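Student: Convert by adding 802 to the 1-based position in the sequence shown; the result is the number in the numbering used here.
Heads up, the beta-carbon is just placed ideally off N, CA and C, and yes, glycines get one too.
Since the structure is predicted, the reported quantities are computational estimates derived from the model, not experimental observations.
One structure, pasted below without further comment.
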Amino acid sequence: MNTIRPSIPRLSALFGKKPFPIPSPGPPLPPGILVGGEISPVYDSKYFYPAKPGEILANRYQTLVKVGWGVSSTVWLARDLQGHLEEPESVVALKIANNNASSTGHEREVEEHISTADPSHRGRSLIRTLLDSFEIKGSEGSYSCLVYPSLREPLSMYQRRFGGRKMPLPLVKTYIRALLTGLDYLHKKCRIVHTGGCLDLKLENIMVLFEDATVLTDFMDSQLERPMAFKIDSTGRPAYQFRSDFGPLKSLNSIPQLVDFGLATRLEEYDDWGVWPIQPDHYRAPEVILGNGWQMPADIWNLGVLVRPFIL
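What follows is the structure in structure tokens.
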């Protein structure tokens, strides 16, 4: 869980254990500007929870800034209000699923199993950990929320910070070793295949941790000074522009973590095999192509295809 720097007078005064007021945003954006999920042809705002900055969820989490969205969820950074006043403040990530999402229960069960299977395994720290979960009741239905430690960005965005999208080879080798260690934990201790549906082991599902605690603190400073832009959509609900750029790298001391297990498959017995088609054509493992059934090695093939461009 990431902590907020206590040495900044303005922030230390605001970030107590009670909610603090969020600066008012400016005027709404013009209706014609597409915000977040509106760029998707299947977007329908009635399925998304209308979160807003400063909202208190589960009597514990104060939403701060929207940092991402997908076809079935949005992601917000939030301040955790739980704990004593003397304890460090922390910021977590809230993944708020749509009210029509069908995989949230499965994702929660899989991640709870991952969290407890074998905490002593060194690959356990290379898997994003579920911290908490709860339900939000809204006028349009119920929304499941999963709580995670806050992370910097997906590997697909991280690699763009290097010239020609070419990460230094020593760093690539370190990441490959770390990801294989994480998969070893998933496969041997959890009996889980990450790639259990269409392509789910992808660059977007490999997140990079903050290389320095001040990266998050600086980002939160900027959000307090420059609130998110928003618009009022056709249903009268506010839609906020997400912000996911945490700024230039301060060092290369980042660690990757595997995330997002909504499509993962749990093969509990050693003779359990998946028989349904998985992976897009250009990522498909040979055993899947041949229809011979698949297990954990399908993830290793998938990872090999993903990292090939990084080392050529």
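Which runs of the beta strand (DSSP E) fall wholly inside the segment 1049-1100 and span at least 3 residues, in chain order?
Tutor: 1058-1060
Student: Could you tell me which of Pro833, Gly966, Val1109 and Ile835 sits nearest to Val974, measuring between CA atoms?
Tutor: Val1109
Student: In its own chain, which residues sit with a C-beta less than 8 Å from the C-beta of Gly838, not counting the 5 before and 5 after it?
Tutor: Lys868, Trp871, Thr876, Ala1041, Tyr1042, Gln1043 and Phe1044
Student: So, for Lys991: in the same chain, excluding its five sequence neighbours on each side, which residues have a beta-carbon less than 7 Å away from its beta-carbon?
Tutor: Closer than 7 Å at Cβ, skipping near neighbours: Ala919, Asp920 and His923.
Student: For Arg926 and Glu840, I'd like the C-alpha separation in whole angstroms.
Tutor: 36 Å
Student: Report the option in Val1107, Asn901 and Ile929 whose CA atom is closest to the CA atom of Val912.
Tutor: Ile929
Student: For the structure I just gave you, are there three or more beta carbon pairs, one from the segment 954-964 and one from the segment 892-901, closer than 8 Å?
Tutor: no
Student: Let me confirm a value: Glu909 is counted as buried when at least 16 other C-beta atoms fall within 10 Å, else exposed. Which label applies?
Tutor: Residue environment: Glu909 is assigned as buried (16 or more neighbouring CB atoms within 10 Å of its CB, all protein chains considered).
Student: In terms of DSSP beta bridges, what is Cys947 paired with?
Tutor: Ile898 and Phe936
Student: If you draw a straight line from the C-alpha of Leu948 to the C-alpha of Phe936, how long is it?
Tutor: Computed Cα separation, rounded: 7 Å.
Student: Please return the same chain residues whose Cβ sits closer than 8 Å to the Cβ of Leu1051, not counting the five positions on each side in sequence.
Tutor: Arg963 and Glu1013
Student: At a cut of 8 Å, does the segment 1065-1077 reach the segment 1017-1032 through at least three beta carbon pairs?
Tutor: no
Student: Which residue wins for smallest C-alpha separation from Gly1106, given the options Leu1003, Leu971 and Ala1015?
Tutor: Leu1003
Student: Using the C-alpha atoms, what's the distance from Thr931 back to Ala853?
Tutor: 23 Å
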